[in-house]
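Line order of the protein sequences matches chains A and B.
Counting from 1, position 6 in the first sequence corresponds to residue 5 in numbering that gives the first Met the number 0; the numbering is continuous, with no gaps.
Counting from 1, position 290 in the second sequence corresponds to residue 289 in numbering that gives the first Met the number 0; the numbering is continuous, with no gaps.
Ideal Cβ positions, reconstructed from N, Cα and C, are used throughout, including at glycine.
Just so we're clear, the structure is a prediction, and the values are computed from it rather than from any experiment.
Remarks on the structure that follows.
Number of protein chains: 2
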Amino acid sequence: MPIIVQKFGGTSVADAEKIRRAAERVIRTVKQGSQVVVVASARGKQTDALIADALELNPNPPMREMDQLLSTGEQQTVSLFAMALEALGQEAISFTGGQIRMVTSSDFTKARIRSIDAGRIHRQLDQGRVVTVAGFQGVDEGENITTLGRGGSDTSAVALAAALGAEECEILTDVDGIHTADPRLFPDAAKLKQISYDEMLELASLGASVMHIRAVGFGKKYDVKIHVRNSATDMEGTIITHEVPQMEGVVVAGATVQKDMAKLSLIGVDNVPGNAAKIFAHLAGAKVIVHDIIQTEVSPQKANLSFMVVISDLAAAKEATEQIKAELNCQDIFVREDVALVSVVGVGMRTHYGVAEKMFTALAKAQVNIDSITTSEIRISCAVDEDEAEKALQAVCVAFELDKPAELRAKV
Amino acid sequence: MPIIVQKFGGTSVADAEKIRRAAERVIRTVKQGSQVVVVASARGKQTDALIADALELNPNPPMREMDQLLSTGEQQTVSLFAMALEALGQEAISFTGGQIRMVTSSDFTKARIRSIDAGRIHRQLDQGRVVTVAGFQGVDEGENITTLGRGGSDTSAVALAAALGAEECEILTDVDGIHTADPRLFPDAAKLKQISYDEMLELASLGASVMHIRAVGFGKKYDVKIHVRNSATDMEGTIITHEVPQMEGVVVAGATVQKDMAKLSLIGVDNVPGNAAKIFAHLAGAKVIVHDIIQTEVSPQKANLSFMVVISDLAAAKEATEQIKAELNCQDIFVREDVALVSVVGVGMRTHYGVAEKMFTALAKAQVNIDSITTSEIRISCAVDEDEAEKALQAVCVAFELDKPAELRAKV
């Protein structure tokens, strides 16, 4: 019998009525002939409430104790979910991360999954039960409870689907699927039928928040078919899967805009081997996450080096670069705080010409000035003035016909 | 270094301020030269709230899932407690029942403790940490979470004290200790300095609610010194301990009254071997808890048999006795629903005459009619009219001078 993992986020299990509706959905899936494993998050704002309780007692709580505390939210949801299933006549059993040996590293609050004991779940499924598993949590080798970080329930669900050999991992959420662009910024954005892991990874790292990036990475690694769909309807959502030939025909899967970015430029750095490594090691040491590095040679001896950071990392980034300015023999550091990054993503770019040109033309027509450009194999990003970010995104969406499903767009 | 177990009930950890105050108390005990293990209950009304959440989804929730759910309350308290200790500069670590291998039977919602791994706690204590342990919970052999039933945190604390070889198990609560009688009914009741396990067991089974009866039983079995004291003061409370010679001098340690009792009398039962066993086996099968059995022979062939039950068990008890009335050749069944049980308890009764007489005289002077009398080695109980219960208790308390500490009472 095929196994389906169904992951319900916090809003889909926020109260008794929502848990009951989620349970009804699970039972429909069982009746269609599948074994179902539910992965659930903490109810509604429970995690935030527990964090507030902790901070009231200790502004800097030990991370191990935070995980011990926060893991209770998911444990409550899955036991309540099992009760709801039983009340509807479906046998069910709930498990914590520890009970299914979801063994992780000991990096409290951001642990990484190492292994899962699928056997205990299989035995319950084979007895006709639905298994509800607390997302977001595991245990380390020393039986300490760990958590996987925000959005970790997605990762739990995909990892479980991989361990169980599930046919599909459904991510049930409050949106209809993945869109070509954020519908709040481009209301005509089309829903994607499918998208490749690589495209989804690029979109997620560019701020598309529907799926957690680690979950997508897990899906790619173990080739888990991920189905992002609306928990309130039976409509098909978006399938995230490995690359299939027809994806090549779609030049641009989606477009994103990231606001609240800042750009740092190090002017006239000595162009000697190891200098770039030195600066980014220093930034990593300061826990600054760096985006979109550009280096250009300005003379045989000197180079300019720029990169982007989210605005909340700017102070740390500035301090870190100032600290090694002299060592790099850097002449000056410029900071631009009003930058946004507009990007298009698509595996079809690999085999199609003219994508960059089309994007730049669209921005030019919309009178948007491009500050800098970076590309990967399946992505083109333009830094633009933050005030012009939304206009830029809309221009790009229109140019690439992101209001239409892929099959209805003009052939390139 | 001596080990002290300090158990804090739900009201003593109800909010951040109370947890902080409890943590300060723990640190004072550490500074006095002890290793401290904290056992804590769920905060305030958290357990009740979780039960309500469960019943909203399932009026008859699976017991395993209830335990999975309810155990989160204590887990939250002990991680928050550890954070509070750390904020005050005291290193601390929290454990769930599972993490210290508090292995229990699989009787969900009323599991019994089988073994505890004291090693993990000792290792942490020896590193200078305070260990906070979630009360009320354990795991069975199959890694299912279990709970010990209402008041189970007391049992956890005493069992841990036994396993750790602790010098003392402090039960920190909102009363000053054990009193000779319930101060709400006899305001002059004196606080006891000490009381034997057997006396406390009798008092607890007669409805004195300060200590959980299973915890006292554990204390007796492993000879754990239990100190019931007020969490809000540094005042000494009451020590529950094994019997010491000076206790013999105290004829009556305390008096209780149990209201909401009913008395069933089976009239003219065939007086043949096995009939009494038959009826009480039948009542046990109906899950009726029976108190104070009295059997009297009325002829060589016939006996009358009566017993008491709490009023909530009355319907089940009536049904069960009606079912076997014919088999016992019982002539009639009488039920009295307005009965209360007034009792005095004391190990000194074993060696002193005249206790029963003094009690009956006191009740007679107070114009209280005695319906029936039962005794154990250290207890005398009188069934009285429920309306006269409080008057009866007060009369008994005055007669035995229960308003005075034991050493100030008239010698018998």
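Distance between Ala252(B) and Ile369(B), taken at the CA atoms: about 22 Å.
Along the stretch 40-125 of chain A, the beta strand (DSSP E) occurs as fully enclosed runs of 3 or more residues at 91-94 and 112-114, listed in sequence order. Taken residue by residue, none of the stretch 259-272 of chain A has a beta-carbon sitting less than 9 Å from a beta-carbon on chain B. Val36(A) carries a strand assignment under DSSP once its states are collapsed to helix, strand and coil. Here the alpha carbon of Ile99(B) sits roughly 40 Å from the alpha carbon of Val227(A).
For Glu140(B), no chain A residue has a C-beta closer than 9 Å to its own C-beta; the minimum C-beta separation is roughly 13 Å.
Collapsing the DSSP output to three states places Asp386(B) in a helix. Within chain A, the C-beta atoms nearer than 7 Å to that of Arg19(B) come from Leu56, in chain order. Selection Ser230(A), Thr76(A) and Lys190(A) evaluated against Gln45(A) yields Thr76(A) as nearest (Cα-Cα). By the rule that beta-carbons nearer than 8 Å mark a contact, Met348(B) does not touch chain A. Across the set Val102(B), Glu73(B), Ser78(B) and Ala53(B), the C-alpha of Ala53(B) shows the shortest separation from the C-alpha of Ser78(A). Under the 8 Å criterion on CB atoms, Glu23(B) is classed as non-interfacial with respect to chain A. Judged by DSSP secondary structure, His281(A) falls within the alpha helix (DSSP H) whose first and last residues are Asn274 to Gly284. For Leu163(B), the secondary structure class from DSSP, reduced to helix, strand or coil, is helix. Put simply, of Asp153(A), Pro182(A) and Ala83(A) the residue whose alpha carbon is nearest the alpha carbon of Ala39(A) is Asp153(A). A distance below 8 Å separates the beta carbons of Ala382(B) and Met307(B).
Cβ-Cβ separation between Ala188(A) and Thr145(A): approximately 37 Å, too far for a contact (criterion under 8 Å). When the beta-carbon positions are compared, Asp175(A) and Gly236(A) come within less than 8 Å of each other.
Inclusion of Leu304(B) and Leu265(B) in the CB contact set at 8 Å is warranted, their separation being smaller than that value. For Gly253(B), the enclosing beta strand (DSSP E) begins and ends at Gly253 to Asp269. From the beta-carbon of Glu201(A), no residue of chain B is found nearer than 7 Å; the closest lies around 38 Å away. Interface annotation, Ala48(A): not in contact with chain B, CB-CB separation never under 8 Å. Glu389(A) and Val256(A) do touch by the CB rule: their CB atoms are close to 7 Å apart, below 8 Å. The C-beta distance from Gly134(A) to Gly151(A) rounds to 7 Å, short enough to fall under 8 Å.
For Lys357(A), the closest C-alpha among the options Ile332(A), Ser371(A) and Cys396(A) is that of Cys396(A).
Shown here for Ala391(B): same chain residues with a beta carbon closer than 8 Å to its own, the five before and five after excluded, namely Val256, Ala339, Val341, Leu362, Ala365, Val367, Cys381 and Val383 in chain order. Put simply, the CB of Ser155(B) is far from chain A, with every gap to its CB atoms at 8 Å or more. At a cut-off of 8 Å between beta carbons, Thr71(A) contacts chain B. For Phe333(A), the secondary structure class from DSSP, reduced to helix, strand or coil, is strand. Here Lys301(B) is near Asp269(B), since their CB atoms are less than 8 Å apart.
In chain order, Gln75, Ser78 and Leu79 make up the part of chain A whose C-beta sits under 7 Å from the C-beta of Leu68(B). Within chain B, the residues placing a beta-carbon under 7 Å from that of Met82(A) are Ala53, Leu56, Asn57, Pro60, Pro61 and Glu64, ordered along the chain. Annotation for Asp291(B): the continuous beta strand (DSSP E) segment containing it runs His290 to Glu296. A direct Cα-Cα distance of roughly 22 Å separates Ser371(A) from Val250(A). The beta carbon of Val138(B) lies closer than 8 Å to those of Gly96, Gly97, Arg100, Met101, Val102, Thr103, Ile144 and Thr145 in the same chain, with the five residues before and after it left out. The C-beta of Ser11(A) comes no closer than 8 Å to any C-beta of chain B.
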